[in-house]
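Residue numbers (numbering that gives the first Met the number 0), protein chains in the order written: chain R, 0 to 324; chain C, 0 to 257; chain B, 0 to 293. Glycine included, each C-beta is placed from N, C-alpha and C at the ideal position. To start, the structure itself, in structure tokens.
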Amino acid sequence: MTSLASISPERATARRRLPAMLLVACAAIAVIVAFGGYFVTVVCFAAIYALFVSGLNLFMGYTGQVSFGQNAFAALGGYATAVLTTRLHLDPLAALVCGALLSAAIAAAVGYPTLRLRGHYLAMATLALGLIAYEVAVQWNGLTQGYMGISGIPGLGFAGFEIDNERLQAIVLLAIAALGMGAAVRLRRSRFGRALGAIAGSEEAAQALGVDVTRYKLWAFVIAAVYASIAGSLMAQYVGFVSPEVFGLSMVVLGFTMLYVGGIGNVSGPLIGALIVEALPQAVSGLKDYQDLVYGVGLLVILIYAPKGLAAVDRGVPFKPGSKS
Amino acid sequence: MSLLEIQGLTKAFGGLLAVNDVTFSIEAGGIDAVIGPNGAGKTTLFNLISGAHPPTAGTVTFAGTHLTGLSPHKVAACGVVRTFQLVRLFGEMSAEENVRVGFHLSTRGGAWSALGRSRRMRAEEVEIAAKARELLALVGLSDRAETPASQLTYGQQRLLEIARAVAAGPRLLLLDEPAAGLDTAETDALAEIIRAINRRGVTILLIEHDMRLVMGIARRIVVLDFGRKIADGTPEAVARDPAVLEAYLGTTETALHA
Amino acid sequence: MLSPALLLQFLVSGIGVGCVYGLIGIGFCVIYNASGIVNFAQGGFVMLGGMVTYVLYARAGLALLPAAIIAVMLVAGLGLVVDRLVVRPLWSRKANTFVIILATLAVQIVMERATLLLVGDAPKSLPSFTAGGPLRLGPVAVSLQLLWIVAISLLLIWALALFFSRTKTGRAMRACAVDPQAAALLGVPVSRMLAYAFSISAGLGAIAGILITPTQFVAYNLGVPFAISGFIAAIVGGFGNPLGAFLGGILLGVTQSIAIVVVGAGYKNVVALSILLLFLLLRPAGILGARKAS
Numbered sequence: 000m001t002s003l004a005s006i007s008p009e010r011a012t013a014r015r016r017l018p019a020m021l022l023v024a025c026a027a028i029a030v031i032v033a034f035g036g037y038f039v040t041v042v043c044f045a046a047i048y049a050l051f052v053s054g055l056n057l058f059m060g061y062t063g064q065v066s067f068g069q070n071a072f073a074a075l076g077g078y079a080t081a082v083l084t085t086r087l088h089l090d091p092l093a094a095l096v097c098g099a100l101l102s103a104a105i106a107a108a109v110g111y112p113t114l115r116l117r118g119h120y121l122a123m124a125t126l127a128l129g130l131i132a133y134e135v136a137v138q139w140n141g142l143t144q145g146y147m148g149i150s151g152i153p154g155l156g157f158a159g160f161e162i163d164n165e166r167l168q169a170i171v172l173l174a175i176a177a178l179g180m181g182a183a184v185r186l187r188r189s190r191f192g193r194a195l196g197a198i199a200g201s202e203e204a205a206q207a208l209g210v211d212v213t214r215y216k217l218w219a220f221v222i223a224a225v226y227a228s229i230a231g232s233l234m235a236q237y238v239g240f241v242s243p244e245v246f247g248l249s250m251v252v253l254g255f256t257m258l259y260v261g262g263i264g265n266v267s268g269p270l271i272g273a274l275i276v277e278a279l280p281q282a283v284s285g286l287k288d289y290q291d292l293v294y295g296v297g298l299l300v301i302l303i304y305a306p307k308g309l310a311a312v313d314r315g316v317p318f319k320p321g322s323k324s
Numbered sequence: 000m001s002l003l004e005i006q007g008l009t010k011a012f013g014g015l016l017a018v019n020d021v022t023f024s025i026e027a028g029g030i031d032a033v034i035g036p037n038g039a040g041k042t043t044l045f046n047l048i049s050g051a052h053p054p055t056a057g058t059v060t061f062a063g064t065h066l067t068g069l070s071p072h073k074v075a076a077c078g079v080v081r082t083f084q085l086v087r088l089f090g091e092m093s094a095e096e097n098v099r100v101g102f103h104l105s106t107r108g109g110a111w112s113a114l115g116r117s118r119r120m121r122a123e124e125v126e127i128a129a130k131a132r133e134l135l136a137l138v139g140l141s142d143r144a145e146t147p148a149s150q151l152t153y154g155q156q157r158l159l160e161i162a163r164a165v166a167a168g169p170r171l172l173l174l175d176e177p178a179a180g181l182d183t184a185e186t187d188a189l190a191e192i193i194r195a196i197n198r199r200g201v202t203i204l205l206i207e208h209d210m211r212l213v214m215g216i217a218r219r220i221v222v223l224d225f226g227r228k229i230a231d232g233t234p235e236a237v238a239r240d241p242a243v244l245e246a247y248l249g250t251t252e253t254a255l256h257a
Numbered sequence: 000m001l002s003p004a005l006l007l008q009f010l011v012s013g014i015g016v017g018c019v020y021g022l023i024g025i026g027f028c029v030i031y032n033a034s035g036i037v038n039f040a041q042g043g044f045v046m047l048g049g050m051v052t053y054v055l056y057a058r059a060g061l062a063l064l065p066a067a068i069i070a071v072m073l074v075a076g077l078g079l080v081v082d083r084l085v086v087r088p089l090w091s092r093k094a095n096t097f098v099i100i101l102a103t104l105a106v107q108i109v110m111e112r113a114t115l116l117l118v119g120d121a122p123k124s125l126p127s128f129t130a131g132g133p134l135r136l137g138p139v140a141v142s143l144q145l146l147w148i149v150a151i152s153l154l155l156i157w158a159l160a161l162f163f164s165r166t167k168t169g170r171a172m173r174a175c176a177v178d179p180q181a182a183a184l185l186g187v188p189v190s191r192m193l194a195y196a197f198s199i200s201a202g203l204g205a206i207a208g209i210l211i212t213p214t215q216f217v218a219y220n221l222g223v224p225f226a227i228s229g230f231i232a233a234i235v236g237g238f239g240n241p242l243g244a245f246l247g248g249i250l251l252g253v254t255q256s257i258a259i260v261v262v263g264a265g266y267k268n269v270v271a272l273s274i275l276l277l278f279l280l281l282r283p284a285g286i287l288g289a290r291k292a293s
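In structure tokens:
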């Protein structure tokens, strides 16, 4: 399977450029957070999705595998937080950690047989995972309250301390997203990340050099699941409510749209993609159903006309003035 | 004890015996070759040694360890590293990064240490960057270190794959048709590189069709035809062996000595 | 306690639903055989078959048969559009498998959402093709609709078999399936074969949707469950084998029917998905074996 990674970390270092888009994004964020208002919500959702997509980027962009089911782990994290905080009155941070551990365990268990598949078999299997999660969320009424969902989840915060100020919420979420993305960078520029990239390049060659492909694929899958789970938990806390719809198929499409808008394999891609995609609904008036339609069409347009993602078209701005290109 | 011992190795694909009861051994320290007409089973033999396919019968022993049935990455960890007939580089990575992947076995650390970024890890990264550049210099690709592997010329790609394989620190290096598609000058350079690698203490076993190369550097040659071993000896002996001449269907003695 | 009569009843209804799954599965096979693409939007065509017929019948006042025929033609045309606009550009530049899958998934979402916006989310239904009570064969009641489903399915399969073995176009499509390059060298317009494959699959899907709507209902979000069922049918039969897909569909329908007795109707989709995972993980070559590896 051809590699999806579009920029090697080595080239990025050598060039010392920051994507122009990232600079613009940071400026926009600073302005929004300073001035407050409705757009702060956009930034918050973007941060949460940036985390989700970072995990996806790691698994698909770095390792070249396919997963259409990451929303299953977001659902796990979201519902874990929801159930543990409202029923057992567990501290939200503890609930988040529980959700992440549970997701990691299930990802490891499910990933082991599933990742042996290739191509559209792998795609279908991961899609099935996501759909099973949705169905279980709907059917297991006793735990999840089905379509009605669970509300009354404590807001962002932990150890009894809740963050009320929405600007502060945005800053906290952005900090978490930045941490997640930073971790993704570190993972990439390391022996671990190189091994993942090798798997994307050629599994056979990677094996011939001693890389335990099965184990690394599984690790990448588990890490992506943990990212998704944390994003799901944060979503639950931020919105205060979870339901099966939140983590359904539209999350899959949304996630991929963001991934492609931001550029697969780029580290900053997820944040840029998330911001752009979350900001769009303000242009199209609010109905959720129109949104999904627009995203679906938008994703198609990008896939057909800009397959490496929009941000890959952006060659960036020199980090030091006068730097060679 | 020989470095590599192949005993009765057989591989059947359905009804077809790609490798048929092959037995030979390789002593450490030299450069040996496996030759044979197309379809003789040479690459399949490498696949059996490297663990890409499990054999139908027979054993592979390396320095006393049974390799038979081990998965490819474990075989590599034992010290047997191979290259591929059709170059399999990590196209999106630079040449230097490709070689750095080769150092996977001699470095340690997974996801946790990547996050932690200890001093040891950073020192290791610096060290393997230097070693990678040294290997690139060995194959003459120093000026291409930053180039994405997919943008190298075909000849350069073959050399890169060899440098990457050497990075994995093999005791036995399996080269699958390293000279395929190279011109005379490139082949001569390749021969020098192979000798240089051998001088570092790496035993080399290569599959080749280029007789000039093989006769020039191999100390011993194993000949396969239709999956069977039909000859095994010094280049001079093999060149005169009637079974070998017949297998090459009309190839004359002159061609073998070319 | 499950009486044999009840079991038989479930078996019979399972066969009915299974035929429909089989038709969807054949749709998957036709496109896969022509191009190696798995069309994740296949379920959308099924849903639209039922939905468009409903709109023509209930809203535009057409009689059932003409409504159905026009619906099938429209959906087959939509298949052509999807091929032209989405699949062809990606396929001709040899895009990654994943990109094509994602694109067809996006098409599915677009079809779903557009339908939701245009028709609303209330489930719609169609009347049975012929009015009248079920036939009684011993202890089992066989609805007339079921007989229609089986009859039309068998007819379609026979027609497809004839098409692929006797007509020039059909044979050309089979040639593409075996070896596209050789076919191209022989002058077969491979991309046009792909267009045919899409319109045939879309048409098949539409018919499947029209057949099954009278027995349950149709709604904007049934595309994905239909697709899953069809995909399972295709996998169980060995991906690429149309007859296998049909038999796989029947197997799935019957298994699902019986499983529902045990776990309840709500978990119908979970049962289907679990069967899918089981086959993917344990026997991706299917029961009858695959003609093409993945």
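Start-end ranges of the alpha helix (DSSP H) lying completely within the segment 255-304 of chain R, minimum 4 residues: Segments of the alpha helix (DSSP H) lying fully in the segment 255-304 of chain R: 268-278 and 287-304.
Cβ pair count under 8 Å reaching 3, the segment 157-164 of chain C against the segment 126-139 of chain C: They touch, by the three-pair rule.
Which of helix, strand or coil DSSP assigns to Thr113(R): In this structure, Thr113(R) counts as helix in the three-state DSSP scheme.
Collapsed DSSP secondary structure at His103(C) in the structure displayed: Here DSSP, grouped into helix, strand and coil, assigns His103(C) to helix.
Within-9 Å CB hit, Gly110(R) to chain C: Output row for Gly110(R): interface = no.
Per DSSP, cross-strand counterpart(s) of Pro147(C): According to the DSSP secondary-structure assignment, Pro147(C) is paired through a beta bridge with Ser93(C).
Coarse secondary structure for Leu217(R), derived from DSSP in three states: Helix at Leu217(R).
Residues that Leu114(C) contacts on chain R, provided the C-beta gap is smaller than 8 Å: Within chain R, the residues Ala182, Arg185 and Leu186 have their CB atoms less than 8 Å from the CB of Leu114(C), given in chain order.
Residue span of the beta strand (DSSP E) that contains Lys93(B), given as start and end: Neither: Lys93(B) is in no beta strand (DSSP E) and is coded neither H nor E.
C-beta neighbour in chain R for Thr82(C), strict 9 Å: Taking 9 Å as the threshold, the shortest C-beta distance from Thr82(C) to chain R falls below it.
Within 7 Å of chain C by C-beta, residues of the segment 219-233 of chain R in sequence order: Per Cβ criterion, the list reads Ile222.
Secondary structure, alpha helix (DSSP H): runs of 4+ residues fully inside the segment 166-213 of chain B: You should have 167-177, 179-184 and 189-211.
Rounded C-alpha distance that separates Asn19(C) from His65(C): Rounded to whole angstroms, Asn19(C) and His65(C) show a C-alpha spacing of 20 Å.
Backbone CA spacing between Asp211(R) and Pro71(C) [nearest angstrom]: Asp211(R) and Pro71(C): Cα-Cα distance of roughly 9 Å.
Under 9 Å between C-beta atoms of Ile248(R) and Asn70(R): One point to set straight first is that residue 248(R) is Leu, not Ile, in the sequence displayed. Yes.
Same chain only: Cβ atoms within 7 Å of Val51(B), ignoring 5 sequence neighbours per side: Contacts found: Ala70, Leu73 and Val74.
Given Leu208(R) as reference, the closest of Ala164(C), Thr42(C), Ala246(C) and Val201(C) once Cα atoms are compared: Of the residues Ala164(C), Thr42(C), Ala246(C) and Val201(C), the one whose Cα lies closest to the Cα of Leu208(R) is Ala164(C).
Counted within 10 angstroms of its Cβ, other Cβ atoms place Thr233(C) as buried (16 or more) or exposed: Sixteen is the threshold: since fewer than 16 other Cβ atoms of the shown chains lie within 10 Å of the Cβ of Thr233(C), the residue is exposed.
Chain-order list of residues whose beta-carbon lies under 8 Å from that of Val52(R) (same chain, five-residue window excluded): Closer than 8 Å at Cβ, skipping near neighbours: Gly254, Met257, Leu258, Gly261, Gly268, Pro269, Gly272 and Ala273.
Nonlocal neighbours in the same chain, by C-beta distance under 6 Å from Ala196(B), ignoring five residues either side: Within its own chain, the residues whose Cβ lies closer than 6 Å to the Cβ of Ala196(B), once the five positions on either side in sequence are excluded, are Val29, Ile30 and Ala33, listed in chain order.
Enclosing beta strand (DSSP E) for Ala32(C) [first to last residue]: Here the beta strand (DSSP E) through Ala32(C) covers Ile30 to Ile34.
Ala226(B) beta carbon less than 9 Å from that of Val45(B): The answer is yes: Cβ separation under 9 Å.
In DSSP terms, what Thr60(C) is bridged to: Beta-bridge annotation (DSSP): Thr60(C) is paired with Glu4(C) and His65(C).
Thr254(B) - DSSP class collapsed to helix/strand/coil: Residue state, collapsed to three classes: helix.
CB of Ala66(B) within 9 Å of CB of Leu55(B), strictly: Their beta carbons are under 9 Å apart, which means Ala66(B) touches Leu55(B) by this criterion.
Continuous beta strand (DSSP E) assignments of at least 3 residues falling wholly in the segment 132-205 of chain C: Counting only runs of 3 or more, we get 171-175.
The segment 84-103 of chain R touching the segment 194-203 of chain R, judged by at least three CB pairs closer than 8 Å: The segment 84-103 of chain R is not in contact with the segment 194-203 of chain R.
Proximal residues to Lys323(R) (C-beta, below 6 Å), its chain only, five neighbours per side dropped: Bear in mind that a pLDDT of 35 at Lys323(R), under 50, signals an unreliable position, so the number given afterwards is only what the model happens to contain. Short of 6 Å from the beta carbon of Lys323(R), and not among the five residues preceding or following it, lies no beta carbon of its own chain.
Boundaries (first-last residue) of the beta strand (DSSP E) holding Ala17(C): Leu15 to Ile25 is the extent of the beta strand (DSSP E) around Ala17(C).
Boundaries of the alpha helix (DSSP H) in which Lys73(C) is found, first to last residue: Element bounds for Lys73(C): Pro71 to Cys77.
Alpha-carbon to alpha-carbon, Ile229(C) and Thr9(C): Rounded to whole angstroms, Thr9(C) to Ile229(C) spans 15 Å at the Cα level.
CB of Pro169(C) within 9 Å of CB of Leu205(C), strictly: With a cutoff of 9 Å on beta-carbon distance, Pro169(C) and Leu205(C) are scored as not near each other.
Cβ distance (whole Å) where Leu22(B) is taken to contact Ile206(B) below 8 Å: That pair is a contact at about 7 Å.
Ala217(C) - DSSP class collapsed to helix/strand/coil: In the displayed model, Ala217(C) falls within coil according to three-state DSSP, outside both helix and strand.
Identified DSSP bridge partners for Phe157(R): According to DSSP, which records beta bridges pairwise, Phe157(R) is partnered with Phe160(R).
Distance between Arg170(B) and Leu161(B) (C-alpha atoms, nearest Å): If I take the Cα positions, the gap works out to 10 Å.
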